[in-house]
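The sequence shown begins at 31 in the working numbering and counts up one residue at a time.
For reference, the structure is listed below as structure tokens.
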Amino acid sequence: MEGVTLLLVVVVLLAVVFDYINGFHDTANAIATSVATRALHPRQAIAMAAAFNFIGAFAGTAVAKTIGSGLVQEETTTQAVIIAALVGAIVWNLVTWSAGLPSSSSHALIGGLLGATLVASGIDAFKIGGIVGKVLVPMIVSPVVGFVGAFGLMLGIYWVFRKVRRRPLGRVFRRVQVLSAGFMAFSHGSNDAQKTMGIITLALFSAGVIPDVSVPVWVIVTAATALSLGTAIGGWRIMRTMGHRVADLEPVHGFAAETTSATILFTTAHFGIPVSTTHVISSAIMGVGSSRGPRGVRWGVARNILVAWVVTIPAAAGVAALSWIVLRLVELG
Numbered sequence: 031m032e033g034v035t036l037l038l039v040v041v042v043l044l045a046v047v048f049d050y051i052n053g054f055h056d057t058a059n060a061i062a063t064s065v066a067t068r069a070l071h072p073r074q075a076i077a078m079a080a081a082f083n084f085i086g087a088f089a090g091t092a093v094a095k096t097i098g099s100g101l102v103q104e105e106t107t108t109q110a111v112i113i114a115a116l117v118g119a120i121v122w123n124l125v126t127w128s129a130g131l132p133s134s135s136s137h138a139l140i141g142g143l144l145g146a147t148l149v150a151s152g153i154d155a156f157k158i159g160g161i162v163g164k165v166l167v168p169m170i171v172s173p174v175v176g177f178v179g180a181f182g183l184m185l186g187i188y189w190v191f192r193k194v195r196r197r198p199l200g201r202v203f204r205r206v207q208v209l210s211a212g213f214m215a216f217s218h219g220s221n222d223a224q225k226t227m228g229i230i231t232l233a234l235f236s237a238g239v240i241p242d243v244s245v246p247v248w249v250i251v252t253a254a255t256a257l258s259l260g261t262a263i264g265g266w267r268i269m270r271t272m273g274h275r276v277a278d279l280e281p282v283h284g285f286a287a288e289t290t291s292a293t294i295l296f297t298t299a300h301f302g303i304p305v306s307t308t309h310v311i312s313s314a315i316m317g318v319g320s321s322r323g324p325r326g327v328r329w330g331v332a333r334n335i336l337v338a339w340v341v342t343i344p345a346a347a348g349v350a351a352l353s354w355i356v357l358r359l360v361e362l363g
């Protein structure tokens, strides 16, 4: 029993570390466009993002339940599996953060969980329907919707304000973008904090602490706090990529990208679909950039981001599988 308790403590601590890293790794998702367009000063943007991330974490638990019980058989999930999953996600997040690549923390965690489960219990422990319906399909569809939605919104804005001069239009949208940035930060919190809630809840159920995979209130508060603190630190490496290197953004572009992304994230969180905030906002930025023409996006940078998207799940899964094997050898030794 003492061993189980110790492992559970390790799981919770690692989950908090992951959530904290998720915060500074994905800060760019919420505020890069606002900072790039100078709608907000970096310090103001980070403070607002941290506050709305915290508030957004209380918006629901549907995504947390998907992570906790919708992807793998919870009865086969041990504390060692969860520890290995978190190690895989943390390592991949740190690798991509150091490289300045906006990869998905959500998919890193999902990949870690799948990789550790595969070596521990085999593919029979997978809930294939949940993996396909709530991970693989949204992974493909959400960036497409983000791109097309942001592109379409930009065309609509251009048409509505076609008689307004560029400079006055910029001043209006610089103010309005503060609202879209807040909406984006809120949606980011409602989606991303729930992944950590789900993994902690799964660990509690595995240890027999709770009777079913329902998220306790203290888990919600812990995840919200860790994410918002990480956001407050800021992720400047990735922010430069998102805000400047993919496309040149003006306030109207930032508003369109943030509004599109936040709407998608808020909707998917409501239905318990753990989509990647990184994928959605990156594709939305490409969409608004493309509204200027093919040269409106730096496609070489976009290609590097796409590679990180594709590699994230298998890379995190590989690290998690190796971590589980090491843990198992230590246990047997």
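Backbone N, C-alpha and C fix where the C-beta goes; we use that ideal spot for every residue, glycine too.
These figures come from a predicted structure and were not determined experimentally.
*Helix, strand or coil at Val102 according to DSSP, with G and I counted as helix*: strand
*8 Å CB neighbourhood of Ile51 in its chain, flanking five on each side removed*: Ile120, Asn123, Leu124, Trp127, Ser135 and Gly260
*Beta carbon of Gln109: closer than 7 Å to some heavy atom of the ligand MN?*
By its list of ligands, the structure shown contains no ligand whatsoever, and the ligand MN lies outside what it can speak to.
*Please name the residue, chosen from Leu199, Val251 and Val239, that lies closest to Thr91 on a Cα-to-Cα basis.*
Val251
_Under 8 Å between C-beta atoms of Ala69 and Gln207_ = yes
_Is it the case that the region 33 to 43 contacts the region 171 to 178, given that we only count it when at least three CB pairs across the two stretches are under 8 Å?_
no
*Per the contact definition of three or more C-beta pairs closer than 8 Å, is the region 289 to 307 in contact with the region 83 to 98?*
yes
_Using 8 Å as the threshold, is the C-beta distance between His218 and Thr307 below it?_
yes
_C-alpha gap between Ile240 and Gln109, whole angstroms_ = Between the C-alpha atoms of Ile240 and Gln109 there is a straight-line separation of about 14 Å.
*Following the continuous alpha helix (DSSP H) through Val239, name the residue where it begins and the one where it ends.*
Note, Val239: premise wrong, no alpha helix (DSSP H); not H, not E.
*Can you give the Cα-Cα distance for Leu148 and Ile229, rounded to whole angstroms?*
Roughly 17 Å between the two C-alpha positions.
*Can we say the region 94 to 114 touches the region 347 to 354, given the rule of at least three CB pairs closer than 8 Å?*
The answer is yes - the region 347 to 354 touches the region 94 to 114, with three or more Cβ pairs under 8 Å.
*How close, in whole Å, do the beta carbons of Ala346 and Gly142 come, if the pair is a contact with beta carbons under 8 Å?*
5 Å
_Ser133 and Trp339 closer than 8 Å at C-beta_ = yes
*asked:* So the candidates are Gly317, Ile161 and Phe285; which of them puts its Cα closest to the Cα of Ala66?
replied: Phe285
_Rounded to the nearest angstrom, what separates Gly273 and Ala254 at their Cα positions?_
Reliability fails at Gly273, whose pLDDT of 47 lies under 50, so the model's placement of it is uncertain and the value that follows must be treated cautiously. Their Cα atoms are separated by approximately 25 Å.
_Rounded C-alpha distance that separates Val310 from Leu37_ = 35 Å
*Does the distance from the C-beta atom of Ala211 to that of Ile76 stay below 8 Å?*
no
*Taking the Cβ atom as the reference point for each residue, do Ala180 and Ala314 lie within a distance shorter than 8 Å?*
In this structure, Ala314 lies closer than 8 Å to Ala180 by Cβ.
*How many angstroms separate the CA atom of Ile140 from the CA atom of Ala350?*
10 Å
_Leu70, enclosing alpha helix (DSSP H) - first and last residue_ = That residue, Leu70, is in no alpha helix (DSSP H); it is neither H nor E in DSSP.
*asked:* Let me check one thing: in DSSP terms, what residues is Phe48 bridge-paired to?
replied: In the DSSP assignment, no residue is bridged to Phe48.
*Quick one: is Thr231 buried, meaning 16 or more other Cβ sit within 10 Å of its Cβ, or exposed?*
buried
_Nearest-angstrom Cβ-Cβ length linking Val243 and Lys95, presumed shorter than 8 Å_ = 6 Å
_C-beta contact flag for Gly100 and Ser258 at 8 Å_ = no
*Taking the CB atoms as reference points, tell me whether Thr226 and Ala256 lie closer together than 8 Å.*
yes
*Where Ile187 and Ile335 are concerned, what is the direct C-alpha to C-alpha distance, given to the nearest angstrom?*
27 Å
*If we ignore side chains and look at the alpha-carbon of each, how far apart do Val165 and Pro304 end up?*
7 Å
*For Ala80, count neighbouring Cβ atoms within 10 angstroms of its own Cβ and tell me buried if that reaches 16, exposed if not.*
buried
*Report the rounded CA-to-CA distance for Met78 versus Arg358, giving the unit in angstroms.*
43 Å
*With 16 other Cβ atoms within 10 Å as the buried cut-off, status of Val337*: Taking all protein chains in view, the Cβ of Val337 is surrounded by fewer than 16 other Cβ atoms within 10 Å, so the residue is classified as exposed.
*asked:* Quick check on Gly145: buried or exposed, where buried means 16 or more other Cβ atoms within 10 Å of its Cβ?
replied: buried
*For the candidate residues Ala138, Ile294, Arg333 and Leu279, whose alpha-carbon lies nearest to that of Ser321?*
Leu279
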